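In our numbering, the protein residues as written are 43 to 676.
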Amino acid sequence: MTGRTDGRERPRRVEPPASFVETANVTSEVREAFEREGHEAWRRAADLLEWSSPHETVLDREAESLTWFAGGQLNAAYNCVDRHLAERKNSVAIRWEGADGETRVYTYLDLYNEVNAAAAALRGLGVGEDDVVTLFMPGIPELPITMLACARLGALHNVVFAGYSADELRARLERTGSGYLVTCDGYYRRGSAVNQKNKADNARTSVEHPVETVVVPRLDDPYLSEGQHDYEDLVDAHAGDRVDPVERAAEDPLFVTYTSGTTGEPDRVTHTTGGYLSHVAWTSHAVLDIEPRDTYWCAADVAWITGHSYIVYGPLALGATTMLYEGAPDDPERDRVWELVDRNRVDVFYTASTAVRSFMKHGAEHPSAHDLSSLRLLGSVGEPMDARAWEWYYESVGGEECAVVDTWWQTETGGILVSTLPGVDRAKPGSAGPAIPGVEVDVVDAGGESVARGEPGHLAVTAPWPGMHRGLTEAAAAEGEDWAYVTSDRAILDHEGYVTFLGREDDTVTVGDTDYGPATIERVVLEVEGVAEAAVVESHQEGGRAVVYVCTERGVEGDAALTERIDHHVAERLGEDTQFARIVVAPDLPKTHSGKIMRRLLSAVADGESYGDTSALRNPEAVGELETVSGDGD
Ligand code: PRX
43 MTGRTDGRER PRRVEPPASF VETANVTSEV REAFEREGHE AWRRAADLLE
93 WSSPHETVLD REAESLTWFA GGQLNAAYNC VDRHLAERKN SVAIRWEGAD
143 GETRVYTYLD LYNEVNAAAA ALRGLGVGED DVVTLFMPGI PELPITMLAC
193 ARLGALHNVV FAGYSADELR ARLERTGSGY LVTCDGYYRR GSAVNQKNKA
243 DNARTSVEHP VETVVVPRLD DPYLSEGQHD YEDLVDAHAG DRVDPVERAA
293 EDPLFVTYTS GTTGEPDRVT HTTGGYLSHV AWTSHAVLDI EPRDTYWCAA
343 DVAWITGHSY IVYGPLALGA TTMLYEGAPD DPERDRVWEL VDRNRVDVFY
393 TASTAVRSFM KHGAEHPSAH DLSSLRLLGS VGEPMDARAW EWYYESVGGE
443 ECAVVDTWWQ TETGGILVST LPGVDRAKPG SAGPAIPGVE VDVVDAGGES
493 VARGEPGHLA VTAPWPGMHR GLTEAAAAEG EDWAYVTSDR AILDHEGYVT
543 FLGREDDTVT VGDTDYGPAT IERVVLEVEG VAEAAVVESH QEGGRAVVYV
593 CTERGVEGDA ALTERIDHHV AERLGEDTQF ARIVVAPDLP KTHSGKIMRR
643 LLSAVADGES YGDTSALRNP EAVGELETVS GDGD
């Protein structure tokens, strides 16, 4: 191990690897340019795209709501597909690995043909500009293809996570007034076929308005209900058709989606064509360092915003090869992810920080059994990353030769806002990094006033950025001159402008007289040797005291000695009054499909309360295991 930060003294700093710096897409000149030029510098992002009409202004602050790239016109599918044909038609656009071992490869020319045929088929069903098309599929190629087909037509896609229930789908069809649904008959998960069409049918028949439905045959015995269309038949009938990409104004919507809602009701979010696409292309280039020749893998679900921005739009806008994986990261074996990186010679790998901690739990022998020398950059997203997980990723996956970026952003922000620039900035393990060039952040108190550097508060983004969702523009702009978007994330800003994330406001845990972001305590628990994952929640039953759930690294006993070590370390680091009501050692922690620990569910389990529907969990079996473990502990 290369030496660990103890979190109190000067944290370790890691210089970007020299080999990385030599070829990095951006240099310190970019930061200087943004400092010099202000928001005008964002034209660099727009310049990564091809516009049918150029923009007249970069940012119009006079407009009723902020407007990015006003006057500009473009089509997102044209940018992600057509414009690469001249130089890259035989390069691979999508490399797909199915859960059942099936693989498919689409060159940019194949993708062009598929997207045109799908767009022609959808148009044939009546889909036109600004219609909402709901997509209810797992990570199969037809999902990005239909997303791009919608974009080609100027229609808005509304992708619903395939694991959601019929009721969730019905709510999203209703809330968007969507008259079109593309789904599949089923898919494979951990070796079994999962039926999807029954859920889709139940949802479709319970909405008031008619829903034209297309079914992708993924299983062996496809069947259709009356009036439904078979995707393959439709697309075959339109093979060779060409659909002109519909010109969209920069501010025209590209898609709708919903916030992931680990806490309250999901909110609808709309992203724009020009600002959003510029932002995700730019951050794919500047932060993830993607180059057209790269094979890039973002191991997320396409239905999540991470999948939209960094599986589909960002990498395809740059003309790279994007990998799409349908299965689970540990199926059939725990080294599945590394086997895929090795076999596909992946250059850039992006995953959830909770996934990194799960990999750490399973042990370094899995990555070390494979040749991972193709990797150049490793990225993390979704939850705070503690220093130990960072070091493990850097060392056991990256062999200390990859740049590692911890990227912070949200569904609402469209793309990355906080991260080190991998070829420019030193990393401080445990801290995400500074705001990217062009983005300004501050940490403020409940009244919106800046707090002192080093003090916790709410992260506020204090200047607009192109990928911002438009509801947010209106809400924040309404506050007048001092534009600020105050997030519900707790954070600390250090004297170098690096942000350390402490978790979400809704998950705050009170210990003694102090309110902690869960990550503050979890970070300390994760410093204990042998602890791979940790989640801290408040328990009402325990008088508001905190309960901590931990998973151990492979080969480490979750015994009384471990819980004593945790108690001791936490008291030493956070003070004697930081005592947990209980420490529960569990085999796994429940996580959403987007890799977030379901703390709400954990506090319900801690209090013996009902926790409702678990269908949106990536690992619902973890809940049953928890109940047994928690029960034992009482
Ligand atoms: O709490 C932050 C956490 O994830 C939230 C956004 O989640 P979602 O809208 O589902 O977007 C997922 C795509 C990023 C944030 O409010 N979060 C995300 N990235 C990080 C993070 N927390 C700490 N560090 C991160 N790198």
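Where is the CB? At the ideal position from N, CA and C, for every residue including glycine. As the structure is a prediction and not an experimental result, all values here were calculated from the model.
| query | result |
| --- | --- |
| I'd like to know whether the C-beta atoms of residue 175 and residue 199 end up nearer to each other than 8 Å. | yes |
| Apart from the five residues just before and just after residue 668, which ones in its own chain have a Cβ nearer than 6 Å to its Cβ? | 628 and 647 |
| Inspect the CB distances between the segment 306-319 and the segment 461-470 and report whether three or more fall short of 8 Å. | no |
| On the three-pair Cβ rule with 8 Å, is the segment 471-489 touching the segment 574-593? | no |
| Does DSSP put residue 93 in a helix, in a strand, or in coil? | coil |
| Please name the residue or residues paired with residue 116 in a DSSP beta bridge. | 290 |
| Relative to the C-alpha of residue 660, which candidate in 649, 639 and 283 has its C-alpha closest? | 639 |
| Hey, quick one: how far does the beta strand (DSSP E) through residue 374 stretch, first residue to last? | It is not in any beta strand (DSSP E) - residue 374 carries neither H nor E in the DSSP assignment. |
| Could you check if residue 583 is buried or exposed, using at least 16 other CB atoms within 10 Å of its CB as the buried criterion? | exposed |
| Are residue 408 and residue 376 closer than 8 Å when you measure CB to CB? | yes |
| Determine the extent of the beta strand (DSSP E) in which residue 199 is found, giving its start and end residues. | 198-201 |
| Can you tell me where the beta strand (DSSP E) with residue 462 in it begins and where it stops? | Premise fails: residue 462 is in no beta strand (DSSP E) and is neither H nor E. |
| Using the Cβ count rule (16 or more neighbours within 10 Å means buried), how would you classify residue 252? | exposed |
| Are residue 545 and residue 426 touching if we call contact CB-CB under 8 Å? | yes |
| With a cut-off of 8 Å on the beta carbons, I'd call residue 119 and residue 190 a contact; round off their distance for me. | 4 Å |
| Exposed or buried, which one is residue 158 when buried takes at least 16 other CB atoms within 10 Å? | buried |
| Roughly how many angstroms separate the alpha carbons of residue 146 and residue 382, rounded to a whole number? | 14 Å |
| Fully enclosed by the segment 243-300, which beta strand (DSSP E) runs are 3 residues long or longer? | 254-258 and 295-300 |
| Could you tell me which residues DSSP puts in a beta bridge with residue 485? | 501 |
| Please state whether DSSP places residue 433 in a helix, a strand or coil. | helix |
| I believe residue 245 touches residue 215 by the beta-carbon criterion, under 8 Å. Please report the beta-carbon distance rounded to the nearest angstrom. | 6 Å |
| Suppose you measure from the CA of residue 642 to the CA of residue 632; what does that come to, to the nearest Å? | 10 Å |
| Whole angstroms is fine: what's the gap from residue 218's alpha carbon to residue 268's? | 24 Å |
| Within 8 Å, do at least three Cβ pairs link the segment 318-336 to the segment 356-365? | yes |
| In the segment 98-159, which residue ranges form an unbroken alpha helix (DSSP H) of at least 4 residues, counting only runs that do not cross its ends? | 118-122 and 127-130 |
| Pull the bridge partners of residue 450 from the DSSP assignment, please. | 460 |
| So which of 196, 54, 241 and 372 has the shortest CA-CA distance to residue 209? | 241 |
| Does the structure place the segment 322-341 close enough to the segment 389-399 that three or more beta carbon pairs sit under 8 Å? | yes |
| Do the CB positions of residue 348 and residue 137 come within less than 8 Å of each other? | no |
| Identify every residue that forms a DSSP beta bridge with residue 354. | DSSP lists no partner for residue 354. |
| Below 8 Å on the Cβ atoms is my guess for residue 475 versus residue 462; work out the distance and round it to an integer in Å. | 4 Å |
| Along the alpha helix (DSSP H) that carries residue 659, what are the first and last residues, could you check? | Here residue 659 belongs to no alpha helix (DSSP H), and DSSP marks it neither H nor E. |
| How many whole angstroms separate the CB atoms of residue 182 and residue 160, which I take to be in contact at a CB cut-off of 8 Å? | Going by Cβ atoms, the distance from residue 182 to residue 160 rounds to 13 Å, so no, they are not a contact pair. |
| Can residue 425 be considered in contact with ligand 1, in the sense that its beta carbon sits closer than 7 Å to one or more heavy atoms? | yes |
| Counting C-beta neighbours from all protein chains within 10 Å, is the total for residue 77 16 or more, i.e. buried, or is it exposed? | exposed |
| Could you please give the first and the last residue of the uninterrupted beta strand (DSSP E) stretch that includes residue 177? | 174-178 |
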